[in-house]
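In the UniProt record's numbering, the protein residues as written are 1 to 215. We put the CB at the ideal spot given by N, CA and C, even for glycine.
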């Protein structure tokens, strides 16, 4: 068993899923230093980290990581629900741009949607798959979220759920305005300690109007 090759495949899967540093730390107990050491080959990934990844993200094919056999991710039956032709009321779905992950160019991308999904009664501008468990049990990994842009952040509602895009990350959180400094927003989720973020560091905010399984 070549542990260096396994570690590389492990990191390839992490990159493919676009898992955020926040979720890597909270779910897999891998901090930035350990992530860097695994990525550069200074340290090999342990089996417990591999199994933690597969437990957190059911779409991961453990055989691929350990043996290199098969595809990186299991086949997704969601594709049966996706139309390649837009219809009236259908919503564009971006399968390759999961939220709660680590790239800030998600909404700004010029990438074409994977397809369109018809969700009667749901108002959303875009649909994205979810990775990560910081919002569980409200929103689970494997769910789909629909979002709409928020023009003003002055009156965020803590009871609503938002997608926040910064230079370094994108996250699904509840938001609350700091009691002493209205230039600070608090990011709140059930399974992760709340933390502050300055409005000037935010590139965009979107309100989650739908979440759930679309199968």
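Reduced DSSP secondary structure (H/G/I, E/B, other) of residue i
| i | result |
| --- | --- |
| residue 14 | helix |
| residue 7 | helix |
| residue 74 | coil |
| residue 189 | strand |
| residue 64 | helix |
| residue 51 | helix |
| residue 144 | strand |
| residue 90 | coil |
| residue 83 | strand |
| residue 30 | coil |
| residue 19 | strand |
| residue 105 | Confidence at residue 105 is low in this model, with a pLDDT of 45, below 50, so its placement is unreliable and the value that follows should be read with caution. Three-state result, residue 105: coil. |
Assigned exposure category for residue i - 16 Cβ within 10 Å defines buried
| i | result |
| --- | --- |
| residue 173 | buried |
| residue 55 | exposed |
| residue 198 | exposed |
| residue 155 | exposed |
| residue 68 | exposed |
| residue 18 | buried |
| residue 129 | buried |
| residue 161 | buried |
| residue 163 | buried |
| residue 57 | buried |
| residue 83 | exposed |
Beta-carbon spacing of residue i, residue j below 9 Å
| i | j | result |
| --- | --- | --- |
| residue 146 | residue 122 | yes |
| residue 134 | residue 191 | yes |
| residue 81 | residue 214 | yes |
| residue 144 | residue 118 | no |
| residue 92 | residue 115 | yes |
| residue 35 | residue 50 | no |
| residue 45 | residue 3 | yes |
| residue 132 | residue 27 | yes |
| residue 124 | residue 150 | no |
Beta-ladder partner(s) of residue i, from DSSP
| i | result |
| --- | --- |
| residue 162 | 173 and 207 |
| residue 184 | 198 |
| residue 121 | Residue 121 is not bridged to any residue. |
| residue 139 | BP columns for residue 139 are empty, so no partner. |
| residue 45 | Residue 45 pairs with nothing; no bridge assigned. |
| residue 115 | 93 |
Candidates the options: closest to residue i by CA position
| i | options | result |
| --- | --- | --- |
| residue 127 | 138, 23 and 206 | 206 |
| residue 113 | 131, 125, 119 and 94 | 94 |
| residue 7 | 16, 138 and 40 | 40 |
| residue 152 | 47, 204, 43 and 61 | 204 |
| residue 194 | 9, 3 and 22 | 22 |
| residue 140 | 181, 169 and 189 | 189 |
| residue 159 | 168, 170 and 176 | 176 |
Cβ-heavy atom distance, residue i to the ligand MG, below 8 Å
| i | result |
| --- | --- |
| residue 178 | Absent from the structure shown: the ligand MG. Ligands present: none. |
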